[in-house]
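I have placed the structure first, in the form of structure tokens, so that the comments after it can refer back to it.
Protein chains: 2
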Amino acid sequence: MKIKRSERLIDITHYLLEHPHTLVSLTFFSKRYESAKSSISEDLTIVKKTFSERGIGIIETVPGAAGGARYIPKMKKEDIEGIIQELCDELNHSERLLPGGYVYLSDMLGQPDWLRKIGRVIASFYMDKEIDAVMTVATKGVPIAQAVATYLNVPFVIVRRDSKVTEGSTVSINYVSGSSSQRVEKMELSRRSLKRGSRVLIVDDFLKGGGTVNGMKSLIEEFDAELVGATVIAENIYQGVRSIDNYTALLKVDSVDVESRTIQVVPGNFIAYL
Amino acid sequence: MKIKRSERLIDITHYLLEHPHTLVSLTFFSKRYESAKSSISEDLTIVKKTFSERGIGIIETVPGAAGGARYIPKMKKEDIEGIIQELCDELNHSERLLPGGYVYLSDMLGQPDWLRKIGRVIASFYMDKEIDAVMTVATKGVPIAQAVATYLNVPFVIVRRDSKVTEGSTVSINYVSGSSSQRVEKMELSRRSLKRGSRVLIVDDFLKGGGTVNGMKSLIEEFDAELVGATVIAENIYQGVRSIDNYTALLKVDSVDVESRTIQVVPGNFIAYL
Numbered sequence: 001m002k003i004k005r006s007e008r009l010i011d012i013t014h015y016l017l018e019h020p021h022t023l024v025s026l027t028f029f030s031k032r033y034e035s036a037k038s039s040i041s042e043d044l045t046i047v048k049k050t051f052s053e054r055g056i057g058i059i060e061t062v063p064g065a066a067g068g069a070r071y072i073p074k075m076k077k078e079d080i081e082g083i084i085q086e087l088c089d090e091l092n093h094s095e096r097l098l099p100g101g102y103v104y105l106s107d108m109l110g111q112p113d114w115l116r117k118i119g120r121v122i123a124s125f126y127m128d129k130e131i132d133a134v135m136t137v138a139t140k141g142v143p144i145a146q147a148v149a150t151y152l153n154v155p156f157v158i159v160r161r162d163s164k165v166t167e168g169s170t171v172s173i174n175y176v177s178g179s180s181s182q183r184v185e186k187m188e189l190s191r192r193s194l195k196r197g198s199r200v201l202i203v204d205d206f207l208k209g210g211g212t213v214n215g216m217k218s219l220i221e222e223f224d225a226e227l228v229g230a231t232v233i234a235e236n237i238y239q240g241v242r243s244i245d246n247y248t249a250l251l252k253v254d255s256v257d258v259e260s261r262t263i264q265v266v267p268g269n270f271i272a273y274l
Numbered sequence: 001m002k003i004k005r006s007e008r009l010i011d012i013t014h015y016l017l018e019h020p021h022t023l024v025s026l027t028f029f030s031k032r033y034e035s036a037k038s039s040i041s042e043d044l045t046i047v048k049k050t051f052s053e054r055g056i057g058i059i060e061t062v063p064g065a066a067g068g069a070r071y072i073p074k075m076k077k078e079d080i081e082g083i084i085q086e087l088c089d090e091l092n093h094s095e096r097l098l099p100g101g102y103v104y105l106s107d108m109l110g111q112p113d114w115l116r117k118i119g120r121v122i123a124s125f126y127m128d129k130e131i132d133a134v135m136t137v138a139t140k141g142v143p144i145a146q147a148v149a150t151y152l153n154v155p156f157v158i159v160r161r162d163s164k165v166t167e168g169s170t171v172s173i174n175y176v177s178g179s180s181s182q183r184v185e186k187m188e189l190s191r192r193s194l195k196r197g198s199r200v201l202i203v204d205d206f207l208k209g210g211g212t213v214n215g216m217k218s219l220i221e222e223f224d225a226e227l228v229g230a231t232v233i234a235e236n237i238y239q240g241v242r243s244i245d246n247y248t249a250l251l252k253v254d255s256v257d258v259e260s261r262t263i264q265v266v267p268g269n270f271i272a273y274l
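In structure tokens, the structure reads:
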């Protein structure tokens with residue numbers, strides 16, 4: 001039985017959304033629906049137009065016999081700004097203040113809806129940077145790395161501060177913790193988890209002194225890989241000179257006053273690069 | 001300008017996929033596309049049919065003025081069995097053997113494509129169990145919890161073995177580690193992260209003695225919440241009596257021989273319940 005255009009459009013949409021950054025051939029769709037390549041081409045034109053108009057993303061079409069389509073998650077600038085504002089509104093609550101000026105964020109990083117938004121925003125930003133892997137440090141960064149990696153469709157790797165026997169052999173480095181105490185700490189990564197020459201994106205929840213990000217940078221060098229960029233959810237207040245400068249932060253915690261229980265979160269430097 | 005049916009079908013598909021287990025009203029779609037509710041109803045019928053035929057999931061339609069549609073990720077039995085077989089094939093490699101009979105799994109748990117499959121399979125299984133939260137223990141379980149929670153569209157919570165200042169106040173319990181050493185260990189969960197009365201699904205990577213799952217069970221009781229089920233990726237070889245019995249495992253590591261470097265992974269008890 002021949003598959004109708006309406007059904008093809010629904011299935012193509014689902015298929016492309018589940019395979020971001022992947023070239024899917026006309027031949028594949030043509031066989032899947034027992035339809036002529038010319039019909040599939042027309043389908044893809046409709047999908048492309050709708051994805052673009054609705055801010056779902058870009059459909060790149062590759063012409064010719066070996067051609068096909070690739071879905072690239074890309075958000076509209078105003079949608080990204082909208083989400084960053086939503087994040088500010090969500091964090092600007094005094095109940096989120098923790099002792100020491102920390103901000104409670106764990107609930108957000110456990111909500112699929114927030115993670116989808118954060119993942120799409122950051123993946124959008126790096127869409128044409130040919131990222132091979134997303135890196136983060138356990139535990140808080142993991143959901144962010146997974147969300148971003150899902151939209152970039154690349155693996156994510158988790159750096160740990162403690163070793164586990166189930167990791168196999170690891171490479172470890174020492175780094176200076178960015179906090180005022182200037183402690184030397186250790187972080188390590190499973191040897192199998194990152195290929196030489198990989199182009200790596202670092203993500204994390206908070207940035208204070210930058211020590212952790214710097215540690216990951218050294219680790220990337222140990223693996224003969226390349227750091228492409230670093231993006232955090234929020235840059236925290238930090239008295240002193242940060243040990244890194246080339247990062248972007250979706251948000252900036254502008255002021256925290258534990259005594260009067262006030263907090264002010266504003267959009268970070270990320271939006272300046274949109 | 002009026003939106004064509006073809007464009008509506010694409011956008012409805014995207015919207016429903018991004019909002020699983022959520023009732024989206026006819027009114028919402030009707031306004032979004034400036035189209036009559038009767039047209040939207042027809043659209044949803046086409047989406048429903050295609051989702052069902054392609055094994056994408058169920059579209060539940062709620063009739064009436066306050067009606068709408070809800071997308072529930074549900075896979076076909078044969079697709080689930082196919083994925084479990086793929087998982088077996090992927091793990092049945094001697095290079096995955098680690099000292100002590102452990103199996104290297106970290107790469108898989110860092111690949112969005114595997115996580116999507118695992119997430120859909122487990123979320124499918126619990127689709128009508130009214131889960132309120134997914135629980136796991138740091139660090140290995142986190143990607144699994146996030147993948148499952150994404151398809152169930154509920155929050156996930158991370159139990160930790162070490163405390164962090166950024167968690168706020170926590171509830172902790174002591175539990176007997178299932179390993180042969182029978183050590184007493186501690187695990188804790190941020191007080192804010194789980195609501196009283198929540199129906200909780202536990203997920204994790206490996207099950208050996210069951211001590212960790214049992215610890216989480218005690219923690220769930222501390223929060224006056226309810227354990228609905230526990231599912232792990234693989235149940236490991238265990239000499240002795242397990243401290244839990246009501247769990248499902250996608251896979252079973254049937255034999256591991258470190259000397260001859262052989263490993264045998266077979267489908268677990270999960271498939272018996274499909």
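Chains as they are written, first to last, in the UniProt record's numbering: chain B, 1 to 274; chain G, 1 to 274.
The beta-carbon is built from N, C-alpha and C at its ideal position, and this holds for glycine as well.
In this text the structure is predicted, and so the values were computed from the model without any measurement.
- Could you name the residues of chain G that Y104 (chain B) contacts, counting a contact when the two beta carbons are closer than 9 Å? Reading the first sequence from its first residue, position 104 is the one you call residue 104 (chain B). What Y104 (chain B) touches in chain G, judged by beta-carbon distance under 9 Å, is T166, E167, G168, S190 and R192, going in chain order.
- Within-7 Å CB hit, D89 (chain G) to chain B: Taking the first residue of the second sequence as 1, we reach residue 89 (chain G) at position 89. By this cut-off, D89 (chain G) is not an interface position.
- Helix, strand or coil for D132 (chain G) per DSSP? Here residue 132 (chain G) is taken as the residue at index 132 of the second sequence, counted from 1. It is coil, neither helix nor strand.
- If you check the beta carbons only, do M135 (chain G) and I202 (chain G) fall under 7 Å apart? Counting from one through the second sequence, the residue named residue 135 (chain G) turns up at place 135. Counting from one through the second sequence, the residue named residue 202 (chain G) turns up at place 202. Yes, the pair counts as a contact, with Cβ atoms nearer than the cut-off.
- Task: Answer with buried or exposed for Q264 (chain B), where buried requires no fewer than 16 other C-beta atoms within 10 angstroms of its C-beta.
- Result: Stepping through the first sequence from its first residue, residue 264 (chain B) is reached at position 264. With fewer than 16 other Cβ atoms within 10 Å, it is exposed.
- Task: Kindly indicate if chain G contains any beta-carbon less than 7 Å away from that of Q85 (chain B).
- Result: Translated into the one-based positions of the first sequence, residue 85 (chain B) becomes position 85. Judged by the 7 Å Cβ criterion, Q85 (chain B) is not in contact with chain G.
- Which listed residue (B:E78, B:E81 and B:P112) has its alpha carbon closest to that of F156 (chain G): Against the second sequence, residue 156 (chain G) aligns to sequence position 156. If we check each option's Cα against that of F156 (chain G), B:P112 comes out closest.
- Message: Which complete alpha helix (DSSP H) runs does the stretch 170-229 of chain G hold, if anything under 4 residues is left out?
- Response: Those alpha helix (DSSP H) runs which fall completely within the stretch 170-229 of chain G and span 4+ residues are 211-222.
- Which runs of the beta strand (DSSP E) fall wholly inside the UniProt domain "Bacterial purine repressor N-terminal" (4-73) of chain G and span at least 3 residues, in chain order? Those beta strand (DSSP E) runs which fall completely within the UniProt domain "Bacterial purine repressor N-terminal" (4-73) of chain G and span 3+ residues are 23-25, 58-62 and 68-72.
- Span separating the alpha-carbon of S224 (chain B) from that of G215 (chain B): Counting from 1 along the first sequence, the entry for residue 224 (chain B) is found at position 224. Counting from 1 along the first sequence, the entry for residue 215 (chain B) is found at position 215. A small fix is needed here, since residue 224 (chain B) is Asp in this sequence, not Ser. D224 (chain B) and G215 (chain B): Cα-Cα distance of roughly 15 Å.
- Message: Counting only beta-carbon separations shorter than 7 Å, does E222 (chain G) have a partner in chain B?
- Response: Stepping through the second sequence from its first residue, residue 222 (chain G) is reached at position 222. No, E222 (chain G) lies away from the interface with chain B (no Cβ there is under 7 Å from its Cβ).
- Message: Suppose contacts are defined by Cβ-Cβ distances below 7 Å. Is V228 (chain G) in contact with R199 (chain G) by that definition?
- Response: As a first step, residue 228 (chain G) must be located in the second sequence, where it is residue number 228. As a first step, residue 199 (chain G) must be located in the second sequence, where it is residue number 199. Against a cut-off of 7 Å, the Cβ pair of R199 (chain G) and V228 (chain G) comes out as a contact.
- Query: How about D204 (chain B) and G141 (chain B): do their beta carbons lie closer than 7 Å?
  - Reply: By one-based count along the first sequence, residue 204 (chain B) stands at place 204. By one-based count along the first sequence, residue 141 (chain B) stands at place 141. Yes; because the gap between Cβ atoms is below 7 Å, this pair is in contact.
- To the nearest angstrom, how far is it from the Cα of D132 (chain B) to the Cα of R192 (chain G)? Working through the first sequence from its first residue, we reach residue 132 (chain B) at position 132. Working through the second sequence from its first residue, we reach residue 192 (chain G) at position 192. For D132 (chain B) and R192 (chain G), the distance between alpha carbons rounds to 36 Å.
- Message: Pull the bridge partners of Y102 (chain G) from the DSSP assignment, please.
- Response: In the second sequence, residue 102 (chain G) corresponds to position 102, counting from 1. According to DSSP, which records beta bridges pairwise, Y102 (chain G) is partnered with G:L98.
- Residues that DSSP places opposite E257 (chain G) in a beta bridge: Locating residue 257 (chain G) in the second sequence gives position 257, counting from the first residue. In the sequence as presented, Glu is not what sits at residue 257 (chain G); that position holds Asp. Beta-bridge pairing links D257 (chain G) to G:T262.
- Under 8 Å from the C-beta of I46 (chain G): neighbouring residues of chain B: Taking the second sequence and counting its residues from 1, the one referred to as residue 46 (chain G) is at position 46. Under the 8 Å cutoff, chain B gives S6, E7 and I10.
- So does the stretch 65-78 of chain G actually touch the stretch 24-32 of chain G, counting three or more Cβ pairs closer than 8 Å? Yes, they touch.
- Mind checking whether L250 (chain B) and I237 (chain B) have CB atoms under 7 Å apart? Numbered from its first residue, the first sequence carries residue 250 (chain B) at position 250. Numbered from its first residue, the first sequence carries residue 237 (chain B) at position 237. In this structure, the beta-carbon distance from L250 (chain B) to I237 (chain B) does not fall below 7 Å.
- Task: Closer than 9 Å by beta-carbon distance: list the chain G residues that pair up with A138 (chain B), in chain order.
- Result: Numbered from its first residue, the first sequence carries residue 138 (chain B) at position 138. Within chain G, the residues whose beta carbon sits less than 9 Å from that of A138 (chain B) are A138, T139 and V142, listed in sequence order.
- Item | Closer than 7 Å to chain G by CB, R54 (chain B) | Locating residue 54 (chain B) in the first sequence gives position 54, counting from the first residue. Residue-level contact check: R54 (chain B) touches chain G, since one or more beta carbons of chain G fall below 7 Å from its beta carbon.
- Cβ atoms of R120 (chain G) and A138 (chain G): under 7 Å apart, would you say? For the purposes of this step, residue 138 (chain G) is taken as residue 138 along the second sequence, with counting starting at 1. For the purposes of this step, residue 120 (chain G) is taken as residue 120 along the second sequence, with counting starting at 1. Cβ atoms of A138 (chain G) and R120 (chain G): not closer than 7 Å.
- Query: Under 8 Å Cβ-Cβ, which residues of chain B neighbour A149 (chain G)?
  - Reply: The residue given as residue 149 (chain G) occupies position 149 in the second sequence. The answer, in chain order, is G110 and P112.
- If you run the structure through DSSP and keep just helix, strand and coil, what is L87 (chain G)? Walking along the second sequence from the start, residue 87 (chain G) turns up at place 87. Residue state, collapsed to three classes: helix.
- Message: Any beta carbon of chain G sitting closer than 7 Å to that of N153 (chain B)?
- Response: Here residue 153 (chain B) is taken as the residue at index 153 of the first sequence, counted from 1. By this cut-off, N153 (chain B) is an interface position.
- Message: On the DSSP letters alone, give me the boundaries of the beta strand (DSSP E) that F270 (chain G) sits inside.
- Response: Reading the second sequence from its first residue, position 270 is the one you call residue 270 (chain G). Run containing F270 (chain G): none; DSSP gives neither H nor E here.
- In the DSSP assignment, find the beta strand (DSSP E) that holds I158 (chain B) and state where it starts and stops. Here residue 158 (chain B) refers to the residue found at position 158 of the first sequence. Boundaries of the beta strand (DSSP E) around I158 (chain B): F156 to V159.
- Message: In this structure, how does DSSP classify T139 (chain G) when only helix, strand and coil are distinguished?
- Response: As a first step, residue 139 (chain G) is located in the second sequence; it is residue number 139 there, counting from the start. T139 (chain G): coil per DSSP, three-state reduction.
- Item | Rounded separation between D257 (chain B) and I84 (chain B) - CA only | Taking the first sequence and counting its residues from 1, the one referred to as residue 257 (chain B) is at position 257. Taking the first sequence and counting its residues from 1, the one referred to as residue 84 (chain B) is at position 84. Each residue's Cα considered, the two are about 22 Å apart.
- Quick one: is residue 287 (chain B) near chain G, going by C-beta distance under 7 Å? This structure does not reach residue 287 (chain B), given that chain B is present from 1 up to 274, and the question cannot be answered.
- Task: Measure the Cβ-Cβ separation of S6 (chain G) and L9 (chain B) and say whether it is below 7 Å.
- Result: As a first step, residue 6 (chain G) must be located in the second sequence, where it is residue number 6. As a first step, residue 9 (chain B) must be located in the first sequence, where it is residue number 9. L9 (chain B) is positioned such that its CB atom lies closer than 7 Å to that of S6 (chain G).
- Task: Go ahead and label Q182 (chain G) buried or exposed: buried means 16 or more other beta carbons lie within 10 angstroms of its beta carbon, across all protein chains shown.
- Result: Position 182 of the second sequence, counted from the start, is the residue given in the question as residue 182 (chain G). Burial state of Q182 (chain G) is exposed, judged by a 10 Å Cβ sphere holding fewer than 16 other Cβ atoms.
- Query: Looking at the C-beta of residue 293 (chain B), does it have a partner C-beta in chain G at a distance below 7 Å?
  - Reply: Chain B is shown only over 1 to 274; residue 293 (chain B) falls outside these bounds and no answer can be derived.
- Inter-residue CB distance, V213 (chain G) and I244 (chain G) (contact presumed, cutoff 8 Å): Residue mapping note: residue 213 (chain G) aligns to position 213 of the second sequence, counting from 1. Residue mapping note: residue 244 (chain G) aligns to position 244 of the second sequence, counting from 1. Here V213 (chain G) really is in contact with I244 (chain G); their C-beta atoms are around 5 Å apart, less than 8 Å.
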